[in-house]
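Colleague: Listed in order, the protein sequences are those of chains A, B, C and D. Residue numbers for the first sequence follow the UniProt record's numbering, beginning at 1 and rising by one. Residue numbers for the second sequence follow the UniProt record's numbering, beginning at 1 and rising by one. Residue numbers for the third sequence follow the UniProt record's numbering, beginning at 1 and rising by one. Residue numbers for the fourth sequence follow the UniProt record's numbering, beginning at 1 and rising by one.
Number of protein chains: 4
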Amino acid sequence: MCRWIAYRGETRAFEQYVTEPVHSLIAQSLRSLEATARTNGDGFGLGWYGIHPEPGLYRETRPAWSDENLRYLCRHLESHMFFAHVRAATCTAVTRQNCHPFVCGQWMFMHNGFIGSWNRLRRRVESMISDEFYPSRLGTTDSEAVFLAMMGAGLVEDPVGATRRVMSELCKLVNEEDYREPVRFTSALTNGHDLFAFRFAENDSANSLYYRTAGDGLVVASEPLDRESGWEEVPTNHVLIGAASGSIDIVPFLPSELRQLGEERWSAQTVVAGAGKGK
Amino acid sequence: MCRWIAYRGETRAFEQYVTEPVHSLIAQSLRSLEATARTNGDGFGLGWYGIHPEPGLYRETRPAWSDENLRYLCRHLESHMFFAHVRAATCTAVTRQNCHPFVCGQWMFMHNGFIGSWNRLRRRVESMISDEFYPSRLGTTDSEAVFLAMMGAGLVEDPVGATRRVMSELCKLVNEEDYREPVRFTSALTNGHDLFAFRFAENDSANSLYYRTAGDGLVVASEPLDRESGWEEVPTNHVLIGAASGSIDIVPFLPSELRQLGEERWSAQTVVAGAGKGK
Amino acid sequence: MCRWIAYRGETRAFEQYVTEPVHSLIAQSLRSLEATARTNGDGFGLGWYGIHPEPGLYRETRPAWSDENLRYLCRHLESHMFFAHVRAATCTAVTRQNCHPFVCGQWMFMHNGFIGSWNRLRRRVESMISDEFYPSRLGTTDSEAVFLAMMGAGLVEDPVGATRRVMSELCKLVNEEDYREPVRFTSALTNGHDLFAFRFAENDSANSLYYRTAGDGLVVASEPLDRESGWEEVPTNHVLIGAASGSIDIVPFLPSELRQLGEERWSAQTVVAGAGKGK
Amino acid sequence: MCRWIAYRGETRAFEQYVTEPVHSLIAQSLRSLEATARTNGDGFGLGWYGIHPEPGLYRETRPAWSDENLRYLCRHLESHMFFAHVRAATCTAVTRQNCHPFVCGQWMFMHNGFIGSWNRLRRRVESMISDEFYPSRLGTTDSEAVFLAMMGAGLVEDPVGATRRVMSELCKLVNEEDYREPVRFTSALTNGHDLFAFRFAENDSANSLYYRTAGDGLVVASEPLDRESGWEEVPTNHVLIGAASGSIDIVPFLPSELRQLGEERWSAQTVVAGAGKGK
Chain A
1 MCRWIAYRGE TRAFEQYVTE PVHSLIAQSL RSLEATARTN GDGFGLGWYG IHPEPGLYRE
61 TRPAWSDENL RYLCRHLESH MFFAHVRAAT CTAVTRQNCH PFVCGQWMFM HNGFIGSWNR
121 LRRRVESMIS DEFYPSRLGT TDSEAVFLAM MGAGLVEDPV GATRRVMSEL CKLVNEEDYR
181 EPVRFTSALT NGHDLFAFRF AENDSANSLY YRTAGDGLVV ASEPLDRESG WEEVPTNHVL
241 IGAASGSIDI VPFLPSELRQ LGEERWSAQT VVAGAGKGK
Chain B
1 MCRWIAYRGE TRAFEQYVTE PVHSLIAQSL RSLEATARTN GDGFGLGWYG IHPEPGLYRE
61 TRPAWSDENL RYLCRHLESH MFFAHVRAAT CTAVTRQNCH PFVCGQWMFM HNGFIGSWNR
121 LRRRVESMIS DEFYPSRLGT TDSEAVFLAM MGAGLVEDPV GATRRVMSEL CKLVNEEDYR
181 EPVRFTSALT NGHDLFAFRF AENDSANSLY YRTAGDGLVV ASEPLDRESG WEEVPTNHVL
241 IGAASGSIDI VPFLPSELRQ LGEERWSAQT VVAGAGKGK
Chain C
1 MCRWIAYRGE TRAFEQYVTE PVHSLIAQSL RSLEATARTN GDGFGLGWYG IHPEPGLYRE
61 TRPAWSDENL RYLCRHLESH MFFAHVRAAT CTAVTRQNCH PFVCGQWMFM HNGFIGSWNR
121 LRRRVESMIS DEFYPSRLGT TDSEAVFLAM MGAGLVEDPV GATRRVMSEL CKLVNEEDYR
181 EPVRFTSALT NGHDLFAFRF AENDSANSLY YRTAGDGLVV ASEPLDRESG WEEVPTNHVL
241 IGAASGSIDI VPFLPSELRQ LGEERWSAQT VVAGAGKGK
Chain D
1 MCRWIAYRGE TRAFEQYVTE PVHSLIAQSL RSLEATARTN GDGFGLGWYG IHPEPGLYRE
61 TRPAWSDENL RYLCRHLESH MFFAHVRAAT CTAVTRQNCH PFVCGQWMFM HNGFIGSWNR
121 LRRRVESMIS DEFYPSRLGT TDSEAVFLAM MGAGLVEDPV GATRRVMSEL CKLVNEEDYR
181 EPVRFTSALT NGHDLFAFRF AENDSANSLY YRTAGDGLVV ASEPLDRESG WEEVPTNHVL
241 IGAASGSIDI VPFLPSELRQ LGEERWSAQT VVAGAGKGK
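Pasting the structure below:
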């Protein structure tokens with residue numbers, strides 16, 4: 001069910017986070033500790049912002065643990081903002097185009113989870129993608145479809161709002177009639193400056209999500225990368241916002257409809273992480 | 001722009017047609033003679049009917065010319081009906097799911113050509129796929145979408161009619177407003193018993209298509225596999241029907257609308273191949 | 001550290017043994033129960049005897065669990081003698097040429113284990129390959145080198161003897177000076193008629209090996225494929241010989257030098273499996 | 001028979017040389033103009049010097065023309081010294097380990113050509129690799145074997161001399177008895193500072209080699225990357241030395257034995273390229 005890591009901070013080589021830690025993402029590809037699928041061997045991906053205006057991508061279908069290229073690239077690529085992802089395929093093919101992260105213009109997205117019964121909902125989720133972004137659909141995953149739907153829902157202007165609107169639509173779909181299908185949406189999103197990490201679920205428990213700050217740097221990951229202290233959990237149904245300014249906020253994230261019901265309940269609980277650092 | 005071969009006849013090992021001839025499909029993958037793209041190195045596929053109720057498939061993304069597995073399989077697999085295809089990708093990804101042939105239930109399809117401007121038409125062609133067959137869409141090619149649309153248009157009961165109906169819809173799409181986008185549809189279709197080979201184009205010249213009979217066997221191919229005699233061309237806008245009974249007919253194939261205009265013109269020209277063998 | 005299965009008996013489709021059982025080889029590729037490496041995701045291979053004079057091979061670098069081709073082939077390929085292997089690479093590259101089984105002429109071999117410290121011994125093990133068989137070295141594994149050394153040591157005339165001679169040489173190498181390096185050699189060998197399955201170790205415990213007979217059929221596997229009865233263990237330092245005649249014998253297997261010491265000890269313990277069936 | 005490009009100069013993104021030119025290396029992978037093999041689709045590789053002490057490598061078995069990762073990496077990777085290579089396999093497998101460039105410590109090497117009859121000579125060329133460097137043999141190509149033999153022949157202290165010594169040995173092998181087997185050795189070698197490009201052949205014509213200087217930059221390539229002026233040919237049996245100092249010299253390169261015969265002949269012909277720039 002995938003494992004991922006997102007980094008925002010001073011420009012760093014990827015290896016420090018992706019390949020070197022005791023329980024690095026590569027180690028997690030072979031044996032993760034907190035995932036439903038212990039083995040995440042159905043491809044992987046790197047995404048980053050660098051010297052070219054558009055983000056870079058390296059996606060491969062072989063398991064991350066045996067990819068020599070990945071080791072070389074993690075030593076030589078560096079960025080102030082990068083994503084890395086190892087995949088455990090749910091029901092779509094093992095192709096590069098189905099590996100995360102996904103890129104659309106300046107935006108990059110990766111996901112750990114699933115969207116109800118994909119065979120039942122696929123067509124309707126794809127219909128949520130606006131014509132403008134449909135040519136960007138290169139693969140067949142639910143994750144990419146949701147990302148492109150978010151793009152069309154106004155992601156560029158209002159990332160959290162667009163994500164909330166799409167999740168709200170999805171919640172309607174999985175809850176229609178007598179269906180109570182699960183949605184798990186533990187995902188990362190960035191424009192190269194701000195980092196958004198969502199931990200949300202509907203009709204199910206949410207996939208794990210942790211973060212750690214060190215100096216200027218922020219690391220968000222499916223599982224802690226080592227046994228050292230400093231890892232904190234992002235609460236279920238919250239979004240961590242690591243702004244370009246350096247502030248880190250953790251605020252409730254609920255689809256719009258549910259939110260109206262829970263607004264007061266949640267508003268009192270806004271968590272501010274990295275005290276003395278958040279705004 | 002792809003090259004392919006289809007065989008129907010006595011049970012034979014594939015090698016006799018796929019790997020051994022002077023200008024075999026493997027040789028064509030490295031250098032075809034009659035295709036727009038000389039190199040067909042973007043993956044390949046084998047499809048066949050054998051001991052299992054469902055057809056078999058072997059599809060790979062690497063070039064056919066360097067695949068050791070292909071050579072072994074062509075020596076050991078045998079069938080009374082098999083397809084082989086080498087791909088030159090037009091605008092979709094090089095994945096196994098985008099390699100031909102495509103299978104849906106008992107039916108198998110492969111294609112050489114393209115459908116207008118895929119970015120413009122993709123959504124509308126995909127909408128031609130009925131809900132019943134949408135879960136069978138594993139890749140992202142125009143070819144697979146057209147095949148699944150054909151499935152929903154009644155392929156099982158009326159293969160040629162269903163194909164004609166879908167082509168008719170496509171012709172409307174590529175000819176709407178001021179568009180005069182090209183369609184090239186040189187394809188093979190089978191249910192394991194009957195073999196249908198279409199050579200059709202709209203707003204463009206049709207891709208090449210040849211056939212040869214020998215004893216009970218029928219070989220249909222994008223290009224002759226050798227310099228020996230016996231290769232005949234399938235005329236543009238015709239379909240070759242190699243029935244399970246052994247008969248081989250070549251009849252006009254035009255989308256229904258156009259057909260009404262040209263009915264008389266074409267009806268006089270029905271070509272009957274394999275004289276003495278056709279009905 | 002690899003898992004494998006070998007079948008000899010009536011001609012059968014591979015699926016019955018490779019993909020369908022509860023704890024099939026495919027299931028073992030994702031999670032084996034008795035191996036040092038739980039995940040065997042570094043490629044796989046099928047080898048079989050069929051309609052062509054030379055054995056067939058299908059080897060792939062991706063994990064067996066996600067290979068659609070494998071599923072199709074296991075449904076459509078059938079043989080009276082086939083091998084299947086999932087790999088957990090020890091220290092050599094994940095390439096098709098390093099995947100098992102290996103074929104040389106009429107002989108086929110696959111292995112689960114390792115040969116001492118490969119970097120130290122590689123050159124000397126490779127020098128054990130005779131010039132005649134050196135061009136057959138397509139990969140870089142210890143397993144292939146040992147197999148080709150066995151070929152040169154007279155495998156065709158005396159399979160068990162040739163294997164014993166090569167193991168004897170290897171034991172000298174790993175025991176020279178102060179080295180006491182481990183050798184694990186749990187392997188299968190066939191000429192298409194007779195099946196030999198070795199379970200041997202030096203300076204280490206031997207990797208697991210089981211067999212089951214049913215009617216005419218013999219299945220030898222690293223781990224039982226299901227929880228049903230009938231699975232028996234091949235004892236350490238023994239070789240199971242499933243002859244073309246149908247007889248199944250399990251006899252001690254010790255390198256020649258050690259054997260001289262243990263000859264009397266072992267000769268009394270010859271195990272005859274499948275009582276009433278063995279000679 | 002492979003095409004390659006080597007760059008030394010100001011730090012630049014690879015795309016300017018690898019993917020963007022009219023007749024870029026990617027274009028050459030699909031259709032080269034001056035090579036025996038027109039299609040170079042048997043894998044490719046990038047090698048470069050960057051932020052990590054050891055050089056970086058990206059090697060893939062699929063054709064360069066369809067690799068999305070390559071396009072992204074060429075936009076985001078930059079270096080003062082990089083190699084890029086597209087392969088047309090001669091007789092060894094299409095694996096990443098057989099793709100060029102090869103790296104050993106600080107040194108990087110790539111090759112276009114072949115070494116006599118590889119099956120006949122393989123064992124003897126491999127025996128030229130010293131024990132120190134034998135563990136670095138990851139693949140099975142003649143090119144990698146020659147490179148590692150060069151490493152053992154003193155490459156670090158005397159790159160051109162070591163190369164000459166190894167070529168001299170090879171010439172003896174291909175000329176022994178009545179053999180007059182061809183050697184083609186058009187190759188690039190670097191330690192990250194100095195660039196050496198050899199164009200040599202024995203019993204055959206040499207593969208093409210060109211270079212162009214622009215400002216501080218030096219590009220050496222199998223074929224000109226565009227139709228602009230400035231491309232000059234490296235003469236047969238010469239080595240171009242692009243030193244870290246910026247000087248560019250083209251001097252005769254002949255194996256030591258032959259050299260003694262031709263010393264006077266060649267010494268008068270030392271070509272100094274980039275007049276006013278060479279030392």
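Every residue gets a Cβ at the ideal spot worked out from N, C-alpha and C, and that includes glycine.
Just grab the DSSP bridge partners of M108 of chain B for me.
Modeller: The residue given as residue 108 of chain B occupies position 108 in the second sequence. B:V103, B:T190.
Colleague: Could you check the C-alpha separation between P101 of chain C and A13 of chain C for me, to the nearest Å?
Modeller: Here residue 101 of chain C refers to the residue found at position 101 of the third sequence. Here residue 13 of chain C refers to the residue found at position 13 of the third sequence. Using only the alpha carbons, I get a separation of about 18 Å.
Colleague: E68 of chain D versus chain A: which residues are under 8 Å apart at the beta carbon?
Modeller: Position 68 of the fourth sequence, counted from the start, is the residue given in the question as residue 68 of chain D. What E68 of chain D touches in chain A: L57, R59, R96.
Colleague: Along the chain, where does the alpha helix (DSSP H) that runs through V166 of chain A open and close?
Modeller: The residue given as residue 166 of chain A occupies position 166 in the first sequence. Taken as a continuous stretch (DSSP letters only), the alpha helix (DSSP H) holding V166 of chain A covers 159 to 175.
Colleague: Just to make sure I have the definition right: I need the residues of chain D whose C-beta is within less than 8 Å of the C-beta of E78 of chain A. Which are they?
Modeller: Along the first sequence, read from residue 1 onward, the residue named residue 78 of chain A stands at position 78. I51, listed in chain order.
Colleague: Specify whether the segment 70 to 77 of chain B and the segment 115 to 126 of chain B touch according to this definition: at least 3 beta carbon pairs, one from each stretch, less than 8 Å apart.
Modeller: no
Colleague: Answer yes if the segment 185 to 198 of chain B comes into contact with the segment 107 to 118 of chain B, meaning at least three C-beta pairs across the two stretches below 8 Å, and no otherwise.
Modeller: yes
Colleague: Using a beta-carbon distance below 8 Å, is A13 of chain A in contact with chain D?
Modeller: Position 13 of the first sequence, counted from the first residue, corresponds to residue 13 of chain A. Answer yes: the Cβ-Cβ gap between A13 of chain A and chain D drops below 8 Å somewhere.
Colleague: Quick check on the burial criterion: 16 or more other C-beta atoms within 10 angstroms. Buried or exposed for S66 of chain A?
Modeller: Within the first sequence, the letter at position 66 stands for residue 66 of chain A. A buried status is given to S66 of chain A, since no fewer than 16 other beta-carbon atoms sit within 10 Å of its beta-carbon.
Colleague: By Cβ distance below 6 Å, which residues in the same chain neighbour E233 of chain D in space, the five residues on each side in sequence not counted?
Modeller: For the purposes of this step, residue 233 of chain D is taken as residue 233 along the fourth sequence, with counting starting at 1. Excluding residues within five positions, the ones whose Cβ falls inside 6 Å are Y210.
Colleague: If the cut is a Cβ gap below 8 Å, which residues of chain A does T39 of chain C touch?
Modeller: As a working mapping, residue 39 of chain C is identified with position 39 in the third sequence. Going along chain A in sequence order, the residues near T39 of chain C (Cβ under 8 Å) are L30, R31, T39, G41.
Colleague: Would you call the segment 166 to 177 of chain A in contact with the segment 136 to 154 of chain A, where contact means no fewer than 3 C-beta pairs closer than 8 Å?
Modeller: yes
Colleague: Have a look at B:S247, B:A221, B:P255, B:E228 and flag the residue whose alpha-carbon is nearest the alpha-carbon of S32 of chain B.
Modeller: Within the second sequence, the letter at position 32 stands for residue 32 of chain B. S32 of chain B has its Cα closest to that of B:A221, out of B:S247, B:A221, B:P255, B:E228.
Colleague: Out of A:G246, A:G217, A:I241, A:P235, which one is the CA nearest neighbour of Y17 of chain A?
Modeller: Here residue 17 of chain A is taken as the residue at index 17 of the first sequence, counted from 1. The candidate whose alpha carbon is nearest that of Y17 of chain A is A:G217.
Colleague: Which residues bound the beta strand (DSSP E) around F198 of chain B?
Modeller: For the purposes of this step, residue 198 of chain B is taken as the residue at position 198 of the second sequence. Segment 195 to 202, the beta strand (DSSP E) holding F198 of chain B.
Colleague: Quick one: what's got a C-beta closer than 7 Å to A244 of chain A's C-beta in the same chain, skipping five residues either side?
Modeller: Sequence index remark: in the first sequence, residue 244 of chain A carries index 244 (1-based). The answer, listed in chain order, is H193, D194.
Colleague: Thinking C-alpha only, which one of B:T186, B:E176, B:V22 is nearest H4 of chain B?
Modeller: Counting from 1 along the second sequence, the entry for residue 4 of chain B is found at position 4. Checking the sequence shown, residue 4 of chain B turns out to be Trp, not His. The residue from B:T186, B:E176, B:V22 with its alpha-carbon nearest to that of W4 of chain B is B:T186.
Colleague: Report the neighbours of residue 281 of chain D on chain B: residues whose CB is nearer than 8 Å to its CB, in chain order.
Modeller: As displayed, chain D neither begins before 1 nor continues past 279, which places residue 281 of chain D out of reach and without an answer.
Colleague: Taking 6 Å as the limit between beta carbons, can you name the residues of its chain near H52 of chain B, skipping five residues before and five after?
Modeller: For this step, residue 52 of chain B is matched to residue 52 along the second sequence. Contacts found: none.
Colleague: Would you tell me roughly how many angstroms separate the C-alpha atoms of R8 of chain A and M81 of chain A, rounded to the nearest one?
Modeller: Position 8 of the first sequence, counted from the first residue, corresponds to residue 8 of chain A. Position 81 of the first sequence, counted from the first residue, corresponds to residue 81 of chain A. Cα to Cα, R8 of chain A sits roughly 4 Å from M81 of chain A.
Colleague: Going along chain D in order, which residues have a C-beta closer than 7 Å to the C-beta of R75 of chain A?
Modeller: Indexing the first sequence from 1 puts residue 75 of chain A at position 75. The answer, in chain order, is H52, G56.
Colleague: Taking the CB atoms as reference points, tell me whether A64 of chain A and L57 of chain A lie closer together than 8 Å.
Modeller: For the purposes of this step, residue 64 of chain A is taken as residue 64 along the first sequence, with counting starting at 1. For the purposes of this step, residue 57 of chain A is taken as residue 57 along the first sequence, with counting starting at 1. Their beta carbons are not under 8 Å apart, which means A64 of chain A does not touch L57 of chain A by this criterion.
Colleague: Which whole-angstrom value describes the C-beta separation of V160 of chain C and V239 of chain C, a residue pair presumed to lie in contact below a C-beta threshold of 8 Å?
Modeller: As a working note, residue 160 of chain C is residue 160 in the third sequence. As a working note, residue 239 of chain C is residue 239 in the third sequence. Contact holds; Cβ gap of about 6 Å.
Colleague: By how many angstroms is the C-alpha of Y72 of chain C removed from the C-alpha of L225 of chain B?
Modeller: The residue labelled residue 225 of chain B in the question sits at position 225 within the second sequence. The residue labelled residue 72 of chain C in the question sits at position 72 within the third sequence. Roughly 27 Å separates the two Cα atoms.
Colleague: Near T61 of chain B, which residues of its chain fall below 8 Å by C-beta distance, leaving aside the five closest residues on each side in sequence?
Modeller: Along the second sequence, one-based indexing puts residue 61 of chain B at 61. Cβ neighbours of T61 of chain B beyond the five flanking positions: D42, G43, V94, T95, R96, C99.
Colleague: Going by Cα to Cα distance, which pick from B:E132, B:V219, B:P255, B:L138 is closest to F196 of chain B?
Modeller: As a working note, residue 196 of chain B is residue 196 in the second sequence. Checked all of B:E132, B:V219, B:P255, B:L138; the closest Cα to F196 of chain B is B:V219.
Colleague: What residue range does the beta strand (DSSP E) around residue 281 of chain B cover?
Modeller: Residue 281 of chain B falls outside the range modelled here, since chain B spans only 1 to 279, and no answer is possible.
Colleague: Helix, strand or coil for L148 of chain D? Go by DSSP, reduced to three states.
Modeller: Walking along the fourth sequence from the start, residue 148 of chain D turns up at place 148. Helix, per DSSP.
Colleague: Can you tell me where the beta strand (DSSP E) holding A27 of chain A begins and where it ends?
Modeller: Residue 27 of chain A sits at position 27 when you count from the first residue of the first sequence. That residue, A27 of chain A, is in no beta strand (DSSP E); its alpha helix (DSSP H) goes 25 to 30.
Colleague: Could you confirm whether any beta carbon from chain B is found closer than 8 Å to the beta carbon of Y7 of chain C?
Modeller: On the third sequence, residue 7 of chain C is found 7 positions in, with the first residue counted as 1. Y7 of chain C does not count as touching chain B.
Colleague: Look at T19 of chain D and T92 of chain D and say whether their C-beta atoms are less than 8 Å apart.
Modeller: Looking up residue 19 of chain D in the fourth sequence gives position 19. Looking up residue 92 of chain D in the fourth sequence gives position 92. For T19 of chain D and T92 of chain D, no; Cβs fall outside 8 Å.
Colleague: Going by DSSP, what residue range makes up the beta strand (DSSP E) through R87 of chain C?
Modeller: Within the third sequence, residue 87 of chain C is the residue found at index 87, counting from 1. That residue, R87 of chain C, is in no beta strand (DSSP E); it is neither H nor E in DSSP.
Colleague: Just checking my contact of E202 of chain A with V174 of chain A at CB under 8 Å: how many whole Å lie between their CB atoms?
Modeller: Here residue 202 of chain A refers to the residue found at position 202 of the first sequence. Here residue 174 of chain A refers to the residue found at position 174 of the first sequence. With a Cβ gap of about 6 Å, E202 of chain A and V174 of chain A count as contacting.
Colleague: If E223 of chain A sits next to E34 of chain A, beta carbons under 8 Å apart, how far is it from one beta carbon to the other, in whole angstroms?
Modeller: By one-based count along the first sequence, residue 223 of chain A stands at place 223. By one-based count along the first sequence, residue 34 of chain A stands at place 34. So it is a contact: roughly 5 Å between Cβ atoms.
Colleague: Expressed to the nearest angstrom, what Euclidean distance is found between the alpha-carbon atoms of C2 of chain B and R184 of chain D?
Modeller: The residue labelled residue 2 of chain B in the question sits at position 2 within the second sequence. The residue labelled residue 184 of chain D in the question sits at position 184 within the fourth sequence. Spanning the two alpha carbons is a distance of roughly 34 Å.
Colleague: Note the first and the last residue of the continuous alpha helix (DSSP H) segment covering W48 of chain A.
Modeller: Taking the first residue of the first sequence as position 1, residue 48 of chain A is located at position 48. Per DSSP, W48 of chain A belongs to no alpha helix (DSSP H); it is in the beta strand (DSSP E), 44 to 48.
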